[in-house]
Amino acid sequence: MQVDIRDVSHGFELEGAPLPVLDRVSFSAEPGSFVALLGPSGCGKSTLLRLLAGLDHPSSGGVAVGGVPVAAPDPSRILVFQDPTLFPWRTVWDNVALGLEAQGILGSNRARVDKVLELVGLKGFDKAYPHQLSGGMAQRVALARALVNEPRLLLLDEPLGKLDSLTRLAMQTELVSLWQRARLTALLVTHDVEEAIFLAERVIVFGPRPARIVADIAVDLPYPRHRGDPRLAELRQKVLQHLGLAATW
Amino acid sequence: MSTIDPTVAEVGDAAATTNYGRNISPVLLAAALAWAAAAGLIEYWPEIIPQPYGRELAAICLGVAVIAALTALSGTVFGRIASILRYYGPWLIVAAVILAVWEVLTAKTGILPVPFFSSPQSMLEVFFDDWERLGTSVAYSVLLLAKGYFFGALAGFVTGVTIGWSRSASYWVHPLLRLIGPLPATAWLPLAFFIFPTSGSASVFLIALATAFPVTILTWSGIASVNRDYYDIARTLGAKSSFLILKVAIPAALPHVFVGLFMGLGTSFAVLVVAEMLGVKAGLGWYLQWAQGWAAYNNMYAALLVMALMCSTLITALFRIRDWTLSWQKGLVRW
Ligand SMILES: Nc1ncnc2c1ncn2[C@@H]1O[C@H](COP(=O)(O)OP(=O)(O)OP(=O)(O)O)[C@@H](O)[C@H]1O
Ligand SMILES: [Mg+2]
Numbered sequence: 609m610q611v612d613i614r615d616v617s618h619g620f621e622l623e624g625a626p627l628p629v630l631d632r633v634s635f636s637a638e639p640g641s642f643v644a645l646l647g648p649s650g651c652g653k654s655t656l657l658r659l660l661a662g663l664d665h666p667s668s669g670g671v672a673v674g675g676v677p678v679a680a681p682d683p684s685r686i687l688v689f690q691d692p693t694l695f696p697w698r699t700v701w702d703n704v705a706l707g708l709e710a711q712g713i714l715g716s717n718r719a720r721v722d723k724v725l726e727l728v729g730l731k732g733f734d735k736a737y738p739h740q741l742s743g744g745m746a747q748r749v750a751l752a753r754a755l756v757n758e759p760r761l762l763l764l765d766e767p768l769g770k771l772d773s774l775t776r777l778a779m780q781t782e783l784v785s786l787w788q789r790a791r792l793t794a795l796l797v798t799h800d801v802e803e804a805i806f807l808a809e810r811v812i813v814f815g816p817r818p819a820r821i822v823a824d825i826a827v828d829l830p831y832p833r834h835r836g837d838p839r840l841a842e843l844r845q846k847v848l849q850h851l852g853l854a855a856t857w
Numbered sequence: 068m069s070t071i072d073p074t075v076a077e078v079g080d081a082a083a084t085t086n087y088g089r090n091i092s093p094v095l096l097a098a099a100l101a102w103a104a105a106a107g108l109i110e111y112w113p114e115i116i117p118q119p120y121g122r123e124l125a126a127i128c129l130g131v132a133v134i135a136a137l138t139a140l141s142g143t144v145f146g147r148i149a150s151i152l153r154y155y156g157p158w159l160i161v162a163a164v165i166l167a168v169w170e171v172l173t174a175k176t177g178i179l180p181v182p183f184f185s186s187p188q189s190m191l192e193v194f195f196d197d198w199e200r201l202g203t204s205v206a207y208s209v210l211l212l213a214k215g216y217f218f219g220a221l222a223g224f225v226t227g228v229t230i231g232w233s234r235s236a237s238y239w240v241h242p243l244l245r246l247i248g249p250l251p252a253t254a255w256l257p258l259a260f261f262i263f264p265t266s267g268s269a270s271v272f273l274i275a276l277a278t279a280f281p282v283t284i285l286t287w288s289g290i291a292s293v294n295r296d297y298y299d300i301a302r303t304l305g306a307k308s309s310f311l312i313l314k315v316a317i318p319a320a321l322p323h324v325f326v327g328l329f330m331g332l333g334t335s336f337a338v339l340v341v342a343e344m345l346g347v348k349a350g351l352g353w354y355l356q357w358a359q360g361w362a363a364y365n366n367m368y369a370a371l372l373v374m375a376l377m378c379s380t381l382i383t384a385l386f387r388i389r390d391w392t393l394s395w396q397k398g399l400v401r402w
């Protein structure tokens with residue numbers, strides 16, 4: 609789905625003082641594209657995803673998905689939160705089934721839940737409760753909970769942040785193949801520069817709060833990519849420069 | 068809450084983790100001896116004033132001794148009952164000692180004089196001779212309590228969810244709750260008996276009132292303290308308000324609701340007894356009142372014991388319901 613963000617500004621109030629978070633941010637993402645959002649901590653990346661999900665409304669500017677202005681949350685665009693935030697009273701299976709149940713279509717789609725649990729490697733844990741999972745497993749459940757709804761736009765807020773590096777690499781590859789298979793549009797917020805350029809077709813770099821776009825870099829490499837590719841290293845250097853961290857590398 | 072009801076968790080644990088095998092339990096054996104000794108003491112030490120049912124009491128003690136001895140010698144043949152008995156072995160010993168001391172102080176020496184203190188066999192006498200009246204009293208009490216508690220818990224739960232969910236409901240209900248809630252339900256007693264057509268319906272109302280207040284407050288605070296992210300997540304997944312209330316807010320608030328249900332049950336006992344004493348001419352409260360009128364202190368002690376058993380059984384039942392409903396919490400909080 610086409611994503612259009614036009615002149616979006618947004619802010620909060622913190623102890624009575626206004627806190628501008630997004631400052632006239634504009635960009636568009638083609639349907640079916642994979643865009644990574646990079647930026648310093650606290651710059652407003654999660655805030656932007658919440659606007660796209662329809663959970664909050666921008667103070668000014670417009671957000672549209674698929675050509676339609678975003679007014680309310682909708683299961684066609686799903687946000688995977690930074691925290692897994694599973695429902696502790698539901699088993700893994702019931703957590704994943706939440707969306708289908710809420711939409712009243714669980715009855716005919718139970719197999720989808722099993723399939724997606726297998727996809728994230730949690731087969732056999734369907735009866736476990738969230739407190740019985742590791743941090744990484746919980747995050748995979750959160751991912752499965754989004755994927756089972758077959759969203760057209762997937763908003764990922766550091767979904768791999770809590771995974772160990774091995775699982776992380778495996779899940780990155782899994783994400784790419786999932787995105788290609790499902791032909792969905794993916795917006796991925798991450799702290800990890802390598803992850804961004806390995807996964808995305810395009811990396812948008814934000815400056816410190818209030819967030820403004822400081823760079824918009826196309827990663828013009830075909831999939832499947834190889835982590836050792838020298839062009840990735842080059843791109844990484846370029847992105848780090850925009851983040852003001854080039855000196856350390 | 069873990070301290071109030073250790074039986075559920077700890078007996079289960081003890082049964083699960085300790086493999087008693089077929090070995091002999093020395094503690095239970097000692098308990099069997101203690102109960103046998105109590106039986107001997109009751110049978111052979113003459114009473115200061117002869118009382119009926121001394122022999123029956125001794126027989127019961129002997130029965131306990133035999134069961135304890137059998138369990139002690141038979142390992143886990145009796146299954147779960149055996150592990151529960153073994154777990155309470157030390158308590159069995161202490162109970163035998165308490166019974167013996169009580170018997171000596173009352174029936175055998177009269178240090179604690181009649182009629183103000185009852186001997187064990189005189190309480191047994193009440194159970195044997197007045198069980199019919201005691202039984203119907205328990206039935207009346209449980210029925211009255213069940214009606215009042217059910218309506219009170221239901222009303223409290225619905226009110227709590229409503230004001231926890233809706234700002235405007237909270238705006239209108241909160242001040243009323245603030246004003247009327249803390250008032251002890253028994254203060255309404257004269258008015259309730261005047262307004263309601265029967266003392267029975269008045270009592271149901273009072274018990275419901277006493278139950279509803281804590282249930283309302285805790286349900287409300289439970290709903291209000293639900294992590295907002297749960298709602299956001301459910302909404303992005305396509306949830307409508309009804310789903311948010313029924314499948315997100317209420318399950319998340321349930322641990323609080325149960326605290327309210329426990330508190331409500333506690334206060335409802337108090338109201339039940341008062342209502343029965345002053346209004347309804349039935350139930351354990353009325354039995355106590357009646358026994359006092361006839362200076363039948365034995366009956367009073369017996370009724371108190373029955374009432375204690377009834378209340379603790381109801382509390383235990385509520386614990387079981389909670390354990391079953393909130394089984395997902397196991398391992399998350401200390402039980
Ligand atoms: N509900 C809120 N109320 C007040 N301030 C908020 C709220 N949500 C976010 N903020 C502020 O907005 C700023 C941006 O927050 P946001 O969560 O979007 O950052 P982020 O870019 O996702 O950071 P990180 O990479 O660390 O997750 C922060 O300074 C934060 O304090
Ligand atoms: Mg964030």
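Those protein sequence lines, which keep their order, are chains V and B.
Take any residue in the first sequence, count from 1 to its spot, add 608: that is its number in my numbering.
Take any residue in the second sequence, count from 1 to its spot, add 67: that is its number in my numbering.
All C-beta atoms, glycine included, are put in the ideal place defined by N, C-alpha and C.
Just so we're clear, the structure is a prediction, and the values are computed from it rather than from any experiment.
Helix, strand or coil for residue i, going by three-state DSSP, please let me know.
| i | result |
| --- | --- |
| D824 of chain V | strand |
| D615 of chain V | strand |
| V168 of chain B | helix |
| G729 of chain V | coil |
| T793 of chain V | strand |
| K175 of chain B | helix |
| I71 of chain B | Annotation note: pLDDT 42 at I71 of chain B (below 50); position unreliable, no value reported. |
| F635 of chain V | strand |
| T85 of chain B | Any reading at T85 of chain B needs caution, since the residue's pLDDT is 49, under 50, leaving its predicted position unreliable; the model's value is listed next. DSSP places T85 of chain B in coil when its eight states are reduced to three. |
| S668 of chain V | strand |
| R810 of chain V | strand |
| A306 of chain B | coil |
| P626 of chain V | strand |
| W391 of chain B | helix |
| F145 of chain B | coil |
| E621 of chain V | strand |
| L399 of chain B | coil |
| L645 of chain V | strand |
Is residue i close to chain B, meaning its C-beta is less than 9 Å from at least one C-beta of that chain?
| i | result |
| --- | --- |
| L706 of chain V | yes |
| I820 of chain V | The question names Ile, yet the displayed sequence has Arg at residue 820 of chain V. Not one chain B Cβ lies under 9 Å of R820 of chain V. |
| D765 of chain V | no |
| G662 of chain V | yes |
| Q711 of chain V | yes |
| A672 of chain V | no |
| R658 of chain V | yes |
| T655 of chain V | no |
| A680 of chain V | yes |
| F689 of chain V | yes |
Measure from the C-beta of residue i to each C-beta in chain V and report whether the shortest distance is under 9 Å.
| i | result |
| --- | --- |
| D299 of chain B | yes |
| E77 of chain B | For E77 of chain B, the pLDDT reaches just 48, beneath the cut-off of 50, and the residue's location in the model is therefore unreliable, leaving the point undetermined. |
| G331 of chain B | no |
| W395 of chain B | yes |
| I388 of chain B | no |
| R147 of chain B | no |
| V209 of chain B | no |
| R302 of chain B | yes |
| N294 of chain B | yes |
Measure how close the beta-carbons of residue i and residue j come, nearest whole angstrom, since I'm counting them as under 8 Å.
| i | j | result |
| --- | --- | --- |
| L276 of chain B | A252 of chain B | 4 Å |
| A125 of chain B | I109 of chain B | 4 Å |
| W395 of chain B | W697 of chain V | 5 Å |
| V671 of chain V | L659 of chain V | 5 Å |
| L657 of chain V | L630 of chain V | With a Cβ gap of about 11 Å, L657 of chain V and L630 of chain V do not count as contacting. |
| V721 of chain V | A746 of chain V | Their Cβ separation, rounded to whole angstroms, is 17 Å, which puts V721 of chain V and A746 of chain V out of contact at 8 Å. |
| F642 of chain V | A752 of chain V | About 19 Å separates the two Cβ atoms, so there is no contact after all. |
| V822 of chain V | A644 of chain V | Wrong, their Cβ atoms sit about 14 Å apart, outside the cutoff. |
| T278 of chain B | G331 of chain B | 4 Å |
| T793 of chain V | M609 of chain V | 5 Å |
Let me check you understand the geometry: is the CB of residue i closer than 8 Å to at least one non-hydrogen atom of ligand 3?
| i | result |
| --- | --- |
| A819 of chain V | With respect to ligand 3, the structure shown offers nothing to examine, as its ligands consist of ligand 1 and ligand 2. |
- Message: Quick check for students: name the residue ranges of the alpha helix (DSSP H) that lie wholly in the segment 192-254 of chain B, counting only runs of 4 or more.
- Response: 198-232, 234-247
- Item | Residues proximal to ligand 2 by C-beta, any heavy atom closer than 6 Å | V:K653, V:S654, V:Q690, V:D765
- Query: Whole alpha helix (DSSP H) runs in the segment 656-724 of chain V with 4 or more residues, listed along the chain?
  - Reply: 700-704, 706-710
- Start-end ranges of the alpha helix (DSSP H) lying completely within the segment 347-394 of chain B, minimum 4 residues: 350-360, 364-392
- Message: Suppose only complete runs of 3+ residues qualify. What are the beta strand (DSSP E) ranges in the segment 726-765 of chain V, listed by chain order?
- Response: 761-765
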